[in-house]
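A quick write-up on the structure given underneath.
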Amino acid sequence: MASYDDNNIFAKILRGDIPCHKCDEDDFTLSFHDIAPQAPVHVLVIPKGRYVDYTDFASNASAAEIAGFAKAIQRVAEKTGISETGYRIISNIGVNGHQEVPHLHMHVIGGAPTGPMLSKQG
């Protein structure tokens with residue numbers, strides 16, 4: 068597992084060095100609209116703690132942080148109006164998972180059909 072990089076873009080957003088279009092925030096999480104949305108609703112939910120990915124988070128976060136993260140995802144779905152029609156939650160982990168930012172984040176995607184889970188491999 069990679070070590071946490073305090074200069075990753077999400078750490079900079081948490082510090083206020085880079086602005087974001089906020090959707091939700093509480094003591095444990097910050098949620099904001101993706102700058103390159105892949106669907107009508109595309110919000111990123113990030114913990115305020117220094118966690119590289121979901122494995123790091125599940126292994127090291129407190130019970131309150133884990134509960135807060137799960138509740139933040141649900142609040143985002145409610146606030147954006149996708150809780151009734153359905154949505155997808157995606158977390159990319161590591162190289163094979165195409166993780167681009169070394170800070171745990173969940174993509175909450177909806178507002179239209181999201182398509183198949185994966186492209187079929189030939």
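Take the sequence shown: its letters are residues 68 to 189, numbered as in our numbering. Quick reminder that beta carbons are idealized off the backbone N, C-alpha and C, glycines included.
Just the Cα atoms here: how many angstroms apart are residue i and residue j?
i, j, result
"Phe-124", "Asn-159", "13 Å"
"His-172", "Cys-87", "14 Å"
"Gln-105", "Ile-140", "17 Å"
"Gly-153", "Gly-178", "8 Å"
"Phe-95", "Lys-187", "37 Å"
"Thr-147", "Ile-80", "21 Å"
Please identify the residue among the options whose C-alpha is closest to the C-alpha of residue i.
i, options, result
"Pro-183", "Pro-169, Gly-161, Ile-157, Lys-138", "Ile-157"
"Leu-111", "Asp-72, Ala-137, Pro-180, Asp-73", "Ala-137"
"Gly-135", "Ser-70, Pro-114, His-174", "Pro-114"
Three-state secondary structure (DSSP) at residue i?
i, result
"Val-117", "Note that residue 117 corresponds to Arg in the displayed sequence, not to Val. Here Arg-117 sits in coil by DSSP."
"Ser-126", "helix"
"Lys-146", "helix"
"Gly-135", "helix"
"Gln-166", "coil"
Which residues does DSSP pair with residue i in a beta bridge?
i, result
"Val-175", "Val-110, Ile-156"
(request) Note down, one range per segment and in chain order, each beta strand (DSSP E) of at least 3 residues found wholly within the region 75-112. (result) 89-92, 96-100
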